[in-house]
Structure formats: C-alpha cells, structure tokens
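2 protein chains.
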Amino acid sequence: MKLAQDQSLTLVAGGAGFIGSHLCAELLARGKRVVCLDNLQTARPTNLRLLEDHPNFEFVEGDIVNALPVDITSRAGQFERIYNLACAASPPQYQADPEHTMLTCVVGTDHLLRLAETSGARFLLTSTSEVYGDPEVHPQPENYRGWVNCTGPRACYDEGKRAAEAMAFDFARMGRADVRVARIFNTYGPHMHPDDGRVVSNLVCQALSGRDITIYGDGSQTRSFCYVSDMVEGLIALMEGDLDGSEPVNLGNPEELTVTELLEAILQIVDRPVTVTHLPLPTDDPRRRRPDISRAEAQLGWRPRTPLSVGLARTCAWFAEEIAGGDVQDPVTVPVAAE
Amino acid sequence: MKLAQDQSLTLVAGGAGFIGSHLCAELLARGKRVVCLDNLQTARPTNLRLLEDHPNFEFVEGDIVNALPVDITSRAGQFERIYNLACAASPPQYQADPEHTMLTCVVGTDHLLRLAETSGARFLLTSTSEVYGDPEVHPQPENYRGWVNCTGPRACYDEGKRAAEAMAFDFARMGRADVRVARIFNTYGPHMHPDDGRVVSNLVCQALSGRDITIYGDGSQTRSFCYVSDMVEGLIALMEGDLDGSEPVNLGNPEELTVTELLEAILQIVDRPVTVTHLPLPTDDPRRRRPDISRAEAQLGWRPRTPLSVGLARTCAWFAEEIAGGDVQDPVTVPVAAE
C-alpha cells in the first residue's frame, strides 16, 4: 500500500518492533496516515501482519544507518511527525553487532533529525532508562546524570542512546528541529520477542512451556514494568504536548517489584508447578530501576493506568496463542541475559 | 611527499592539530614513516610547516567523517599503528558544529577502527578527561564512571568521546582490532590555538598582548596541566606498551592548581601589570579536574617530567614569536623571561 502524495504523514522508524507496532496501530486508530520504516532486524513478522492491510498504513524496508530510502526522502515535505523507535533494545540483540547498534543510535538518529529539519516535522527520540546505567539515585529523575560504564558490553546501547540524546538537543538548540526525547523504562506486552532475553518474556514463556525458570542473581533486583498501551499513550502525549521540548521526559511505571515478585505474579496467571534455576548476574546489570515520572505527570498529565495483573494476563494470553500457533518455536533454548 | 609503497607506516589522524603535530614530530624523530590525515578544521598552518619537508612525512587532507581517502585505503596493508587524534577539542570549536563533532567521534572513529581491522594495525583512541564530566570523585581514576550531562552543550564532545570509547572496546572484545584508549587531561604548549578559548592560551596571549585578563568564575576552579612533550611520550608509551588494552588509561599531570595560581605562574614569566576581569562560568564547566595516573605509572612507567615553570616559559616564548611573526593577529610584543 502506497499512501497518497498530497497528505501529511507520520513516520515511525522501528515501527515493526515491539513498541513501534503498537504505536503504529494507535496512530492509525486516531486517523493518522502512518509510514513505517524498519530494517526487520528484530521485528516479528506477525507485528506487521496486523497493520499491513490498513488503508492508511505503508511499510518501507530500510536501515536508518544507511541513507534513507528514496520512498522516504522523496516525500520529506509530507512528514509532520517523526518517531524514532529504531534500535535493537535487548542485550543479546544489541550486543550481537555492537557497531551496528552504536551507528543506529548516532548515524540513524542523525539521518532522521536531518529529515525532520528538511520536513519541518516534529521529532521524537525514544531514549531509554539505560542512560542512567546502574543508578545510584533511586528513583531516577531526569536530571540524574547516570552511572554508565562507557567501556563495557552494554555501552554500545547505553552510550549510543546518550549520544543520540545529545544530537537531538543540539538540533533543538541550533533551531534545526523541534524535538522531544522520551526515556523509556521497562515495557512489556504482546508483540515482545519470546527469545530476546527480557525478563517478562523469559519468565512468561518458560512458565507457559513448563520448562525450568531462569532467574539471574537471587531475584532481589528490582524493575518497574509499564504495559505497552500505557507507554504508547505516553509517547503520543509527549509528541503532541505543549512543551518546549528542551528536556527529556521519563516514561514508565513507578510501581517497583523484584524479579521474584514478578515471577509470583506470572505464576498466579500461569498456574503450574515450576523449578527455578539461578544463574549469575550479567556484567553491568542494573540492581534497581524505577522512574521518577513527576515531569510526565506535571507536563503531560500522563501516568500508567494498566494494573500489572491485567497487563500480565493479556501478555500471557498472547504468548500462549503464539506458542499454540507455532510462531514461537522454542522459547527457552536461546541463551539469554537479563534486561 | 608521497611515502614508498612497501614500507610500514604510522597513521596520525588529526596530525596537524596541537598534540597531533607534536606526536608526528616525535614519531619522525624516532625513525617512523608518518602519514598525517587531517581536515585542517582547527589545525594551524605553521604546525605542518615544521613537518612537511621531512622525507618520512606525508600529508593527506581528508575528514574522517567521510569515507577515508583512497590515498589511505589503498595502503591499508602498510599501516601498523593508527593514532586517532582527530576532533576539535576546545568548547568554542567543538560547539560551533555539534553534529560534526559527534560524527567525528563516532563515525570517524568507526572508519579508523575498520581501517585498523583491515590493516591488522594497532589503534589508539585519544579520549578525554571530559568523559568524567564535572566529577564528584577527585582525583579521577579510570573506573570512575563520570558525571556528564548528556543533554547539554558540551555533550556533543563528552558523549561523542564516551561513544568512541565504547566502539573501540567493542572492536577489541570482538577480536577485530588491538586497541588502546588514552584519556587526555588538560595539555598545553607550543602549537596551541591562541583563540580557541583554552585557559592557558587565553591567559598567555592576554598577558603577552597587555590586554585585560579574563577569568571565568572566581578563579578557584582547578585544572592540572600537562606539558605537550610529556603527553606525546605517554601516548607513544601507551601505543607501544605491553598491555592487554582492555582498559582506558589516564594521561595528564596530577599537579593541581587553581586558575588564579596558573595566572600568577604566567605573570612570573610575562612580567607586566595586568587588569583581571571576571566573567560567569560557562554551562557544565568542571569545577575540578585532576587525573589519577597510577595506572599509567604502573603499566607504562610513565609520568610527566616537565615542571610547570619550564613548560610555561616555552609556551610563552612560542606565543611571543607567533605574535611577532604575525601568525597571531596582535601587534603587541613583549620580552619573555628565559627558561
């Protein structure tokens, strides 16, 4: 499907990924014409299947590390909003080719910022709680500068996103583009990869398949999980909000729980006996992670609304269907690292 | 001068700059054949004049942000050492085009790392004490993760260098290149730009020309100044040392003094009455900066040897000559005390 040449468009880079596919769906539901640009590196085919027949949806395959496809640049004048969600986001995926991860963050973001400049479009960068590293301040407000190891195996992503933020705010300071920067904390829901090593998908898939449950460390490390529909609402609110855009905004759920508590919540839904195996914590794994979302609440009137039990039930149901449908081959044979 | 096609070469990217030109001279003095790659963005013409007639020196003009010149790539097999000193390094210079600064750090370093991979050359990245930001730990050891504002006006450089370090260590982890990373602290000496806003060149030039002396803040912020010949020795020792290269190494002078004390030391050499004007501190200006060089001492047997009084006398003498020779646009010349 190729969208008409005379209408304003929203570009979603990384729109075939986990959060990106939900964002595309919500934008379509709100009547937007959406062009999805994705290299299909970590996207699941099913994510796009739900969108590709929509009359206001167009898919363009391309990697933002390279020059943008002519299908994008030839319509620069039509874009009024550009969302950048393009980057592998789980450690096993982004560490498989760290050079590509860094270039996606820096060169890819630069290409999209230049497109925003040419188009006069507003640009939203999805940054990450990883910019805070293994934080010494808890919860993390946006002005906390982080505790990131810039020489370690997570640096390609953490430092890549920090560099992408630097570029975005430089474009804003130079008057080249109107930018918004979201720092996304742990998000979960349907369309997650079963085998990308994230703790929610790991535990849900292991519980559903009756295999041993893998916990890294003693399970006392904490995370805060935001259901994906809440995250998408936050991203759109940030993009459309009446802000000056000169500061990043945390988006996430401030409800903090340990990995062990997460497992217990999953086992209340997937009611079956399990065996838990403990493995060593990966290098630079954050011990605690929880957003201070007071800026998002004050400036966007946004906060997550979906209770963990509801979000987990939807997620378990979706994974169960995927496993039944054969889209999930074997959720537990891939070596994983915790988020 | 084009060097022969059958000899091993050392590449110095940024070799026409302040530290780079001294490095090229020292490598030539040690019998190396040196190819200098520089975009002449911040290089002074006089820096190259001293080198260009040397039979073992070749200059190639090019910007590492772009694909490397054929004059470089066609001789990939000859390079056995690659030094990357290419980046504007003073705030007014690197902030003039922050996008280019970031891309120089990330894309430029990537191009040179790929060349090192192809060549089988050892690669040295000159990183910076700026990766520590405005440090809360003093002095700064290499395992201090820093206090960097990734959204501010210095981030294009600070985060660019952090990202470049991340890339270098990823190349090392992946077995793609043998890398060394130096974190350079404040360095001074001949070949500095008179107008790049660095405190030593500012104060020396202002004192020599009899202009008002500009101090940012109250002058109580501290710096540690390493004379350039000491720095060059440290860089070569790091490149040639028997290390595993898996960790960055601080290079700098741990002798800490306030900006006011620096001014007093300069005025002992340039003996004339001055008027001091105080201006506000720039955004994110570090309050203190001093290297912990115990790693360099233990692993390289290196430490700075040039006393401040000696280094400053040489620097003042050089700037006085530059001013007299018309290379520095300032008519005022004054006698300078001997070393």
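Taken in order, these protein sequences are the chains called A and B.
Under the working numbering, the first residue of the first sequence carries the number 255, and numbering increases by one thereafter.
Under the working numbering, the first residue of the second sequence carries the number 255, and numbering increases by one thereafter.
Every residue gets a Cβ at the ideal spot worked out from N, C-alpha and C, and that includes glycine.
Owing to the predicted nature of the structure, the values given are computational and were not obtained by experimental measurement.
How big is the Cα-Cα spacing for residue i and residue j?
i      : j      : result
E518/B : A436/A : 48 Å
Q347/A : V385/A : 18 Å
G274/A : G473/A : 29 Å
L516/A : G488/A : 23 Å
Q349/A : L357/A : 13 Å
A552/A : G374/A : 27 Å
T382/A : L535/B : 31 Å
T514/A : S563/A : 15 Å
E353/B : G414/B : 10 Å
L492/A : T512/B : 44 Å
I523/A : V503/A : 33 Å
D466/A : P527/A : 10 Å
R408/B : P323/A : 32 Å
C410/B : I490/B : 27 Å
C341/B : T380/B : 9 Å
A567/A : S455/A : 13 Å
D525/A : A571/A : 13 Å
E419/B : G387/B : 15 Å
A330/A : R399/B : 40 Å
A578/B : C459/B : 12 Å
Which class does residue i belong to by DSSP, given the choice of helix, strand or coil?
i      : result
N504/A : strand
P407/B : coil
A270/B : coil
Q332/B : helix
N301/A : helix
C341/B : coil
Q583/B : Because the pLDDT of Q583/B is 47, which lies under 50, any placement of that residue in the model is unreliable, and the number read from its coordinates should be weighed accordingly. Of the three classes helix, strand and coil, the one that applies to Q583/B here is coil, per DSSP.
Q394/B : strand
G488/B : helix
W572/A : helix
D538/B : coil
S383/B : helix
S474/A : coil
V360/A : helix
V454/A : helix
H447/A : coil
Kindly list, in the order they appear in chain B, the residues whose Cβ is closer than 9 Å to that of residue i.
i      : result
W572/A : Going along chain B, no residue has its Cβ under 9 Å from W572/A, so there is no contact; the nearest lies around 34 Å.
A409/A : R416, A417, E419, A420, M421, F423 and D424
P345/A : In chain order: nothing, as chain B lies at least about 13 Å away.
Of all the options the options, which has the alpha carbon lying nearest to the alpha carbon of residue i?
i      : options                           : result
Y337/B : R541/B, L257/B, G268/B and T327/B : G268/B
R559/A : H532/A, D388/A and P508/A         : P508/A
L304/B : G316/B, D317/B, C290/B and P502/B : C290/B
E602/B : Q295/B, A342/B and L281/B         : Residue 602/B falls outside the range modelled here, since chain B spans only 255 to 593, and no answer is possible.
S500/A : R434/A, Q295/A and N293/A         : R434/A
D412/B : T363/A, R544/A and A417/A         : A417/A
S262/A : M421/A, G285/A, R526/A and R557/A : G285/A
S478/B : D546/B, C570/B and L294/B         : D546/B
E396/B : E575/B, R549/B and E510/B         : R549/B
H532/A : V486/A, T569/A, L457/A and G400/A : L457/A
P561/B : G506/B, S463/B and G464/B         : G506/B
K256/B : L277/B, L294/B and H308/B         : H308/B
L265/B : F439/B, D351/B, Y398/B and R376/B : R376/B
S463/B : E576/B, A270/B and G565/B         : E576/B
V361/B : A343/A, V402/A and V319/A         : V319/A
S344/B : A461/B, Q460/B, T529/B and V453/B : V453/B
D292/A : L339/A, A258/A, L277/A and T327/A : L339/A
R287/B : G565/B, E334/B and A321/B         : E334/B
F272/A : E419/A, A297/A, V314/A and Q332/A : A297/A
T537/B : T405/B, E494/B, A426/B and S328/B : T405/B
D449/B : L554/B, F573/B, A258/B and T476/B : F573/B
D351/B : M421/A, A321/A and N310/A         : M421/A
C359/B : D317/B, V391/B, H392/B and I326/B : D317/B
So with CB distances below 7 Å, who are the chain A contacts of residue i?
i      : result
G429/B : Correct list: empty, because the minimum Cβ distance to chain A is about 13 Å.
R434/B : Neighbours of R434/B on chain A: none; closest Cβ ~12 Å, over 7 Å.
E353/B : D364, M421 and D424
W401/B : R399
Can you pull the chain B neighbours of residue i, defined as C-beta to C-beta under 7 Å?
i      : result
G414/A : A417
C404/A : V385, R416, E419 and A420
Please list, in chain order, the chain B residues whose beta carbon lies closer than 8 Å to that of residue i.
i      : result
L357/A : V360, V361 and D364
_Taking contact to mean 3 or more Cβ pairs, one atom from each stretch, closer than 8 Å, check whether the segment 443-456 of chain A and the segment 481-488 of chain A are in contact._
The segment 481-488 of chain A and the segment 443-456 of chain A touch, with three or more beta-carbon pairs separated by less than 8 Å.
*Do the segment 457-475 of chain A and the segment 537-557 of chain A meet, that is, are 3 or more Cβ pairs less than 8 Å apart?*
yes
*Given 8 Å as the limit, is there contact between the segment 422-431 of chain B and the segment 355-369 of chain B, that is, 3 or more CB pairs closer than that?*
yes
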